[in-house]
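Here the sequence shown is numbered in the numbering used here, starting from 379 and rising by one per residue. Glycine is no exception: its CB is placed at the ideal position from the N, C-alpha and C atoms. Shown next, in structure tokens, is the structure this report addresses.
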Amino acid sequence: MSREDWCYVSGLVAALETRLLQPGFFDQLLNAASEEDLLVYLGDTELEEEFEDLPDLADAEVRIERFLRTRLMDVRSFCPEASVVDMVFAEADFLNFKAVGKSALLGIEEPFSAAGSIPQDRFRRIWEDGESDGVMWDELAKEVKTRIEEMDDKPFAIDLIVDKAHLRFIENCAERLESPLATNYARLYCAWKKATVLYRARTGRTSAAQVASLFLDEKDAWLRPILNGAEKDMMNALRSALSGRVFEAFQKAPQAEKVFVLEDAGGKDVMSTVREAKGFAYGPEPVLGYVCGLVSEAANLKLAVGSVLNRLPTERVRPKLRAVYVQ
């Protein structure tokens, strides 16, 4: 596979990138005075068709997710190596896999995202009947069923096992692309996510030994102090896992805000790296940049619509907006 193989899809995403929403648009949405104003703003975007026959804005999230799935599947169909889309887009499938698993095994109901590429009934057959179209999902379901038996916090155990598989999937996708930018994206994203999960688990109910056994590989041993090390060792491990600006933001944040700052600063740092894709005329890099941009855009649209529907204060919601690809 050569870079020339990426010419067509690179041209496609270059055109699509011009339609990504600017940061100021999300401020407009957050400041919408009514649901009617919100629909007017959304009517000026590519989602116009999704919203023109919308009976209830409560269904907006499904329409946004449906648009995201359709657009990314279209882009994926033109890629000489689909991993460039999958390494970002598959997050919805892994989240849905967890949701269906918790329902099938524990009777816990969680939302099923319309953005995923795999239907809910297919995941249910995998969990309940062991049926699978692909080895990965079948093996992952078997691992979860085996390993959660002795766990006190079974929902969290499912999260850890599936999240570990998701991060491994991202790393494998980056290897197939043979792109330094994709490799750097995977490295930053996975280190940030692992650090965040371990820091959250530090005060959780599940023992450190169980968390480590479910979530960490041998190569991740250096991250273990984040989970149960002394304060100094934890900070040293975080300093190694995170970029300088993310660690500095975490260090300065009040204790009550550290998790939020870790998630927010880490996401912005990853997007900053992805923006380097703008320096490539063709190849997997422009596609990766566009895909990350569209996923962030969809998340911000859902957040903005939800804030208007629930009449949440703008100043409370704005800090939760994701970093965007276009500036």
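Applying the 10 Å Cβ sphere with the 16-neighbour rule, what's the burial state of residue i?
{"i": "residue 515", "result": "buried"}
{"i": "residue 451", "result": "exposed"}
{"i": "residue 588", "result": "buried"}
{"i": "residue 411", "result": "exposed"}
{"i": "residue 623", "result": "exposed"}
{"i": "residue 678", "result": "buried"}
{"i": "residue 505", "result": "buried"}
{"i": "residue 519", "result": "buried"}
In three-state DSSP terms, what is residue i?
{"i": "residue 548", "result": "helix"}
{"i": "residue 633", "result": "helix"}
{"i": "residue 385", "result": "helix"}
{"i": "residue 498", "result": "helix"}
{"i": "residue 413", "result": "helix"}
{"i": "residue 466", "result": "helix"}
{"i": "residue 540", "result": "helix"}
{"i": "residue 691", "result": "coil"}
{"i": "residue 605", "result": "helix"}
{"i": "residue 486", "result": "coil"}
{"i": "residue 491", "result": "coil"}
Hey, quick one: how far does the alpha helix (DSSP H) through residue i stretch, first residue to last?
{"i": "residue 568", "result": "558–579"}
{"i": "residue 652", "result": "636–652"}
{"i": "residue 684", "result": "662–687"}
{"i": "residue 448", "result": "438–455"}
{"i": "residue 527", "result": "That residue, residue 527, is in no alpha helix (DSSP H); it is neither H nor E in DSSP."}
{"i": "residue 401", "result": "401–408"}
{"i": "residue 704", "result": "It is not in any alpha helix (DSSP H) - residue 704 carries neither H nor E in the DSSP assignment."}
Closest by CA to residue i, which one among the options?
{"i": "residue 662", "options": "556, 408, 449", "result": "556"}
{"i": "residue 641", "options": "700, 599, 486", "result": "700"}
{"i": "residue 537", "options": "492, 439, 476, 676", "result": "476"}
{"i": "residue 456", "options": "665, 674, 702", "result": "665"}
{"i": "residue 470", "options": "494, 628, 485, 481", "result": "494"}
I think residue i touches residue j, with their Cβ atoms under 8 Å apart; what is that distance to the nearest whole Å?
{"i": "residue 397", "j": "residue 424", "result": "6 Å"}
{"i": "residue 416", "j": "residue 435", "result": "7 Å"}
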